[in-house]
Structure formats: structure tokens, C-alpha cells
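K.L.:
As they're listed, the protein sequences go chains B and D. Using the numbering used here, you'd call the opening residue of the first sequence number 358 and step up by one each time. Using the numbering used here, you'd call the opening residue of the second sequence number 580 and step up by one each time. Quick reminder that beta carbons are idealized off the backbone N, C-alpha and C, glycines included. Dropping the structure in here first, questions after.
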Amino acid sequence: MIQIEKLTKRYGDAERGVLVLDSLSLGVASREIAAVVGPSGAGKSTLAQCTTLLERPTSGSIIVNGDELTGLRESELRLARRRIGTVFQADGLLSRRTVAQNVALPLEYLGVTRAGIRSRVGDLLDRVGLLDKAQRYPHELSGGQRQRVGIARALALRPSVLLSDEATSGLDPESTASVVALLKELRDELDLSILFITHEMDTVLAVADTVARLDHGRIVEAGPLVDLLRDPDSALGATLRPYRSALPAAPNETAWRVQYSEDAVPPNWIAELSTELGTPVSLLGASIETVHGRAVGHATIGLAVADAGLALAALRRLGLEGGPIEPAAAGSVDEAGPGIPATAVDRAPALEAAS
Amino acid sequence: MSAVLAVGPLASVTVPPLEIPALVLPALVDTLIMVGIVMAIVVLVGVPLGALVHNLAPGGLIEHRALHTALSWTISVGRSLPFLILMASIVPFTRFITGTNIGIAAAVVPMSIAGIAFFTRIVENSLRSVPVELVRVARASGASPLQIVTSVQLGEAVPSIIGGLTINTIAMIEYSAIAGTIGAGGIGYVAVTYGYQRFDHGVMLATIVILVALVAVVQLTGDRLVRATTPRARRDRANTPRSIPA
Ligand SMILES: Nc1ncnc2c1ncn2[C@@H]1O[C@H](COP(=O)(O)OP(=O)(O)O)[C@@H](O)[C@H]1O
Ligand SMILES: [Mg+2]
């Protein structure tokens, strides 16, 4: 596990320098994938660099499995860094070395014997599913494959913490999915703590156990992924699963926005709600899925009821939270604008807007 | 014809065509020895020096402003002097090192100094084109500064450095001809004494042909090596390899 405590990083001197990380604390338990999200310039990469002590923190501590890494001398740091494997956005593979030779690098630096290197590299490439590409050069691989080589290299020294700074950013959805699946598999098999830094919300949904939102060097919101997604007041939850365009409500109906807030929402809740309220329920828009096997999502429904309190109580009984959308806010239901496919919406600006 | 007539008494010294090889080939060997020794020294000193300058610079592995400025200035002085001036100005130093100021040994000293200054810049430039992310990854993998220099910086820059080495070698062939004018021997000496001072067109032509052929062979070998050391170019022969521009 890794514990980051009161981490502060300032570039330049105390008066005119920039404070990039402001007394930030964050922990990642063993077998946990903690995502850190935030707009560009929030300090995510600085957090990554300070965590591996490639950049010296101004103050604060980094504790890996109970050992404090800050305050070590440069030569000791080199050893300490081996406890943290790092995967960067740029795969960082040496173009003149084969896949196997690239994965062998950290072992060479450590001075492992040739035979030791050969067997370890074989294991690692097997684990990331690239044994057949061992003798290829990086330029012969796809982006996703190169990133998997980067992961194999990061794991060469058997670290207990894996740090990923935008490792899937810039990959196509299929490659992203394969990298994410690999990370989850490795987390389970190797008991890794994974600090997963990204600005891509879809990837967070696929990979994270917990999420923290970094903004202006501070963690402004954090919690278990499912809890955030179920909390109607969570800005981070809303950014992770933004509302898409919904149909307008009929003239006699009011549009309601409801959110799954418990495990026990019956799949036929619309029918149950309709029966309970004695009025039809129109489905105007919905997005429901499971995250870690638990239902999360939200829906926009049209209700023709006089007593909002009654409807609210009925919804609560079904495990849903929500309320009518005020006419003024109705326009904002559709952040993307009508007719724009959901996939075309860049979520990064939405994240900035939420801060 | 008129030139030969004009020199009159010297015209009889013209080397007969059949004797030209006997004159020019040993000179070629001298040039090869001179350039070979110089290039060995240049690589042995220039590579570490180039890596040192690169890493003393801001953002380098062992950043040191004062040392970097001092070293960089020294190299710039070496680079800015025309070779003839450099050669003349360090005669006392050359004599101190080699005990003579004439011949191959004496030429090797100024040529090495000029060559090292040139090659240090070439190495520095090649290292600068290695992406900094690679260095960051190596540091994160637990590499020492020396390991980073050898495995990442120099390792990635090999094709580019070989490209620069080609240019440098050709420049040294040219310098050897200049050194030849002060009696260092080699092709340059023959070209100047026979071709220029005695207007022996046959010898002049022979030295030109040999120099052109020599430069072409060096360039071709260099290009081959660049391609052989670039995995991308090795497989994809249709594309020209990336080498540093002349
Ligand atoms: N070496 C540096 N010197 C000065 N400022 C820096 C340096 N590195 C990053 N910064 C600043 O720190 C802030 C956060 O950068 P970064 O950590 O890269 O953000 P993110 O990865 O979230 O986009 C930016 O405003 C950036 O300009
Ligand atoms: Mg970043």
C-alpha cells in the first residue's frame, strides 16, 4: 500500500513560485485501484512525479508499505523507486531495443544475471500477453501493445505499487479496454496498489475502486466510485456519468431526474412506480449500467402528479433519489445539445466546468 | 599548356603518368593513418565530453551552470577558429606534446583538437534529440546517471551520432589536406606541392579523384551504418533513414 501525506510541491521560490500541490493526502490500499482525475494543469503529473520522487516534494511524505521514502539521499532513492512501478502516457520504450530488451532494462540497472533476466522477462511478457512479440521492435507494435510492454517493464522489479500517469490516454477504446483489463488482472494476482491518474472519465468507470478529484493542487472530492455515482449531490459523480440529452416532457407532465442510490432498485421500477402512483410514467432518457457488479445510473422520467412529495416517497422506497427539474434548469438537461451523439462529447471541458 | 610554358624550368619535374600511383598511394596511406588516429581520439574524447556538456546543461542529469558555461565556451572557441589559424597558434603546444612541429604526429594534435570540438557539439546535438520522457522512465526504473547516459541517451542516439561521425570524418579528411600544407604529408601535401606549386595537372587530378572517392566511401559507409542501427529503417528500406542533416 502507499500513503501520501500532506504532500506539497512548489516550483520556484516561496514568494513568486507556483504552488502546484497543496498539502495533499491520499492513500491506496493493497489490491485497490485509486483513480485521480482532474482538469489539465490540476497537478496530476506533478503528483505522479512526486510520488516516485522524480521530483522532490517541497514537504510531506510518501510512505510505501510503512517505509518513508521522502528524505532519502539520491542514491538511496534509486533503490526506493524500485518499489514503485511507473507507466507513463508516452510508453518510453527505447526504439533500438527489442520488446524483451526493453522489459529487461530495470533488471539490467539492478545488475541481475543474464539467466535471471531471461526467465523474468519471459514471465513478464507472458503475463502481459506479448510473449510472441519478444523479439519485435517497439515501432512494430500497436499503441496498446507498447503500453503493455511499458506495464511489463514497470513490474520487472516486483513493485508493490503501480503508478499510471495517463497510461491509457491517447489509446483507442479497444486498446484502452485491454490495458484496463490487464491492470485489474495484475492488481488481483500481484496484490498491487494502483494509483491511476487520468482525465478520461470512461476509463475511471471501468477501472477505479475509489476516485479523487484533483483541482488546483487539492483533492476537492474523493470516495468509493459507486458511492460517488449514487450520490445525487456529488459533482464528481455527475461528471463521471453526465446526463445526456433527454426527450422533453409532455405538456401535462413534469420531467423528473432520478438516480439509482441503492443496490435494491428493482429492474421493473418504472412499472412499480406507475402502479404505486396510479399514473403512467414516461421514460424520457436513461443511462444505467453496473459498476463492480452494482447498478448505477440515472433516468429522466415524465410524471403527471399533483403531489411531488408522494412521488418522492415512492421513488425512495424503490431505491431512487431525485426530483422534478425546474423549467429553468430543463435546458441544462442537454449539455451536449440536441442531435450530438454522446460519444462526440468531450468530457474534459465538463470536468472543468464542474470545478 | 601555357601554364607549363610559363614555369619553364620546373616543367621537367612533372611526374610521368605511370609514376603517379607510386607517389599518390603512399600519401593516401598517410592520410588514412592521420585521419584514423585523429578519429579514434575524437570519438574517445568527444563522446564522453558531449555527454558531459549535455548533462551539465539546465535540465540535464548533473545540472551545473558554471561548469557548463565554462566548458561550452571552451568548445566554442575551438569551433570558431579557422583550422589554419588553430594549427598555427598551438604550435608550441604541439611541440610540447609530440616533440616536433612537422609530420603526421604534429598534424594529429591540432586536428584532434578541432575534431573534438566539432564532435562534442555533434554528440550534444544528437543527445538533445532523445526524448526526455525516456530519461524519466529510466530514472523511474532505478537507473544511475551513468546507466542513463549509456543505455538511454547514447543508446538511442547511436544512428544520429554515426551520421555526425560521418560528417566529422569528412571534415577531418579536409583538415588533413590543410595540415598537409605545413608538411604533414598525406594527400593534401602531394596536392599542394605537386599539383599547386608545380602545376602538375596529372598529380592534381589524381589527388582530386582520390579525395572524392575517399569522401564518397566514407559517406556511403556512414549511411549504411546509420541504416543498420535504426530498426525502423532496417525493415523498411524504402524509407530513407533519419540521419542528422549535413
Ligand atoms: N517543472 C515545472 N516548473 C514549473 N511549473 C511546473 C513544472 N511542471 C509543472 N508545472 C506547473 O504545474 C501545474 C500542474 O502541471 P501538471 O502536474 O503537469 O498538471 P496535469 O498533469 O494535471 O495536467 C501546471 O500549471 C504547470 O504549469
Ligand atoms: Mg499530466
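(1) Using 8 Å for Cβ pairs, my map puts V444 (chain B) next to I508 (chain B). What's the rounded Cβ distance?
(2) As a quick check of your reading: which residues have a C-beta less than 6 Å from at least one non-hydrogen atom of ligand 2, in chain order?
(3) Is the closest heavy atom of ligand 1 to the C-beta of V711 (chain D) under 6 Å?
(4) Please list the segments of the alpha helix (DSSP H) lying wholly inside the stretch 605 to 686 of chain D, counting only runs of 4 or more residues, in order along the chain.
(5) Counting only Cβ pairs nearer than 9 Å, list the residues of chain E close to S723 (chain D).
(6) Starting from the Cα of L543 (chain B), find the closest Cα among B:I420, B:A643, B:L376 and B:S387 and give me that residue.
(7) Does the beta carbon of Y368 (chain B) sit closer than 7 Å to a beta carbon anywhere in chain D?
(8) Give the secondary structure of T593 (chain D) by DSSP, where H, G and I count as helix, E and B as strand, and everything else as coil.
(9) Identify which residue in D:A807, D:Q798, D:G781 and D:T772 has its Cα closest to the Cα of I827 (chain D).
(10) With the cut-off set at 7 Å, would you say A656 (chain B) and N609 (chain B) are in Cβ contact?
(11) Find the nearest neighbour of H573 (chain B) within the set B:F553, B:V469 and B:S402, judged by alpha-carbon distance.
(12) Under 6 Å: does the beta carbon of A399 (chain B) sit that close to some heavy atom of ligand 1?
(13) Would the beta-carbon of V326 (chain B) be found less than 6 Å away from any heavy atom of ligand 1?
(14) Does DSSP put R575 (chain B) in a helix, in a strand, or in coil?
(15) Step through the CB atoms of chain D and report whether any lies within less than 7 Å of the CB of H496 (chain B).
(16) Can you give me the start and stop residues for the beta strand (DSSP E) that L383 (chain B) sits inside?
(17) Within 7 Å (strictly less), CB to CB, does S705 (chain D) reach chain B?
(18) Using a Cβ cut-off of 7 Å, pull out every chain D residue sitting near T443 (chain B), in sequence order please.
(19) Contact criterion: CB-CB distance below 7 Å. Does V716 (chain D) meet it with respect to chain B?
(20) For a minimum of 4 consecutive residues, which ranges assigned as the alpha helix (DSSP H) are wholly contained in the stretch 467 to 497 of chain B?
(21) Name, please, each residue of chain B whose Cβ falls closer than 8 Å to the Cβ of T808 (chain D).
(22) For T555 (chain B), which residues in chain D fall below 9 Å Cβ to Cβ?
(23) Among D:V714, D:V796, D:I752 and D:L628, which one has its Cα closest to the Cα of M613 (chain D)?
(24) To the nearest angstrom, how far is the alpha carbon of M666 (chain D) from that of Y768 (chain D)?
(25) Show which residues of chain B have a CB atom less than 8 Å away from the CB atom of V731 (chain D).
(26) If we ignore side chains and look at the alpha-carbon of each, how far apart do V603 (chain D) and A785 (chain D) end up?
(27) If the criterion is Cβ atoms closer than 7 Å, does the pair I726 (chain D) and Y617 (chain B) meet it?
(28) Which one of B:L640, B:V537 and B:L571 has the shortest CA to CA distance from P605 (chain B)?
(29) So with Cβ pairs under 7 Å, would you call P463 (chain B) a contact of chain D?
(30) Quick one, which residues of the stretch 406 to 431 of chain B are near chain D if we go by CB-CB under 7 Å, in chain order?
(31) Is Y768 (chain D) near ligand 1, going by C-beta to nearest heavy atom under 6 Å?
(32) Flag this pair as yes or no: are the beta carbons of L552 (chain B) and L520 (chain B) separated by less than 7 Å?
(33) At a Cβ threshold of 7 Å, is A447 (chain B) touching chain D?
(34) Does any residue of chain B bring its CB to less than 7 Å from the CB of R811 (chain D)?
(35) Taking Cβ-Cβ distances shorter than 9 Å, what residues in chain D pair up with L514 (chain B)?
P.N.:
In this structure, then:
(1) On the first sequence, position 87 is the one that residue 444 (chain B) refers to. On the first sequence, position 151 is the one that residue 508 (chain B) refers to. Indeed they touch by this definition, with Cβ atoms about 5 Å apart.
(2) Taking a cut-off of 6 Å from the heavy atoms of ligand 2, the residues with a C-beta inside it are B:K401, B:S402 and B:E523.
(3) Within the second sequence, numbered from 1, the residue matching residue 711 (chain D) stands at position 132. No, Cβ of V711 (chain D) sits at least 6 Å from all heavy atoms of ligand 1.
(4) Whole alpha helix (DSSP H) segments, 4+ residues: 644 to 659, 662 to 668 and 670 to 677.
(5) Among the protein chains in the structure shown, which are B and D, there is no chain E.
(6) Taking the first sequence and counting its residues from 1, the one referred to as residue 543 (chain B) is at position 186. Just measuring C-alpha positions, the residue of B:I420, B:A643, B:L376 and B:S387 sitting nearest L543 (chain B) is B:S387.
(7) By 1-based counting over the first sequence, the position of residue 368 (chain B) is 11. So, not an interface residue.
(8) Stepping through the second sequence from its first residue, residue 593 (chain D) is reached at position 14. It is coil, neither helix nor strand.
(9) With chain D running from 580 to 825 in the structure shown, residue 827 (chain D) is simply not present.
(10) The residue given as residue 656 (chain B) occupies position 299 in the first sequence. The residue given as residue 609 (chain B) occupies position 252 in the first sequence. With respect to N609 (chain B), A656 (chain B) sits apart: the two C-beta atoms are not nearer than 7 Å.
(11) In the first sequence, residue 573 (chain B) corresponds to position 216, counting from 1. Among B:F553, B:V469 and B:S402, the Cα nearest to that of H573 (chain B) is on B:S402.
(12) Along the first sequence, read from residue 1 onward, the residue named residue 399 (chain B) stands at position 42. Flag set: Cβ of A399 (chain B) near ligand 1.
(13) Lying outside 358 to 712, the shown extent of chain B, residue 326 (chain B) is not represented and no answer is given.
(14) Position 218 of the first sequence, counted from the start, is the residue given in the question as residue 575 (chain B). Of the three classes helix, strand and coil, the one that applies to R575 (chain B) here is strand, per DSSP.
(15) Locating residue 496 (chain B) in the first sequence gives position 139, counting from the first residue. With 7 Å as the cut-off, H496 (chain B) counts as an interface residue toward chain D.
(16) Taking the first sequence and counting its residues from 1, one reaches residue 383 (chain B) at position 26. Residues V375 to V385.
(17) Here residue 705 (chain D) refers to the residue found at position 126 of the second sequence. No, S705 (chain D) lies away from the interface with chain B (no Cβ there is under 7 Å from its Cβ).
(18) Working through the first sequence from its first residue, we reach residue 443 (chain B) at position 86. Those are A719, listed as they occur along chain D.
(19) Numbered from its first residue, the second sequence carries residue 716 (chain D) at position 137. Closer than 7 Å: yes.
(20) Segments of the alpha helix (DSSP H) lying fully in the stretch 467 to 497 of chain B: 471 to 484.
(21) Reading the second sequence from its first residue, position 229 is the one you call residue 808 (chain D). What T808 (chain D) touches in chain B: R453.
(22) If you number the first sequence from 1, residue 555 (chain B) lands on position 198. Within chain D, no residue comes near T555 (chain B); the closest Cβ sits about 17 Å away, beyond 9 Å.
(23) If you number the second sequence from 1, residue 613 (chain D) lands on position 34. Cα-wise, what sits closest to M613 (chain D) is D:I752.
(24) As a first step, residue 666 (chain D) must be located in the second sequence, where it is residue number 87. As a first step, residue 768 (chain D) must be located in the second sequence, where it is residue number 189. Roughly 15 Å separates the two Cα atoms.
(25) On the second sequence, position 152 is the one that residue 731 (chain D) refers to. Chain B residues near V731 (chain D): L451.
(26) On the second sequence, position 24 is the one that residue 603 (chain D) refers to. On the second sequence, position 206 is the one that residue 785 (chain D) refers to. Whole-angstrom Cα-Cα distance: 7 Å.
(27) The residue given as residue 726 (chain D) occupies position 147 in the second sequence. The residue given as residue 617 (chain B) occupies position 260 in the first sequence. In the sequence under discussion, the amino acid at residue 726 (chain D) is Gln, which differs from the Ile named in the question. No, they are not a contact pair.
(28) Locating residue 605 (chain B) in the first sequence gives position 248, where the first residue counts as 1. Residue B:L640 is the option with its Cα nearest to P605 (chain B).
(29) Position 106 of the first sequence, counted from the start, is the residue given in the question as residue 463 (chain B). Output row for P463 (chain B): interface = yes.
(30) Per Cβ criterion, the list reads T409 and L411.
(31) Counting from one through the second sequence, the residue named residue 768 (chain D) turns up at place 189. Because no heavy atom of ligand 1 lies under 6 Å away, the Cβ of Y768 (chain D) does not count as near it: no.
(32) Here residue 552 (chain B) refers to the residue found at position 195 when the first sequence is read from its first residue. Here residue 520 (chain B) refers to the residue found at position 163 when the first sequence is read from its first residue. In this structure, L520 (chain B) lies closer than 7 Å to L552 (chain B) by Cβ.
(33) Residue 447 (chain B) sits at position 90 when you count from the first residue of the first sequence. Cβ-Cβ to chain D under 7 Å: yes for A447 (chain B).
(34) Stepping through the second sequence from its first residue, residue 811 (chain D) is reached at position 232. At least one C-beta of chain B is nearer than 7 Å to the C-beta of R811 (chain D).
(35) Residue 514 (chain B) sits at position 157 when you count from the first residue of the first sequence. What L514 (chain B) touches in chain D: S720 and G721.
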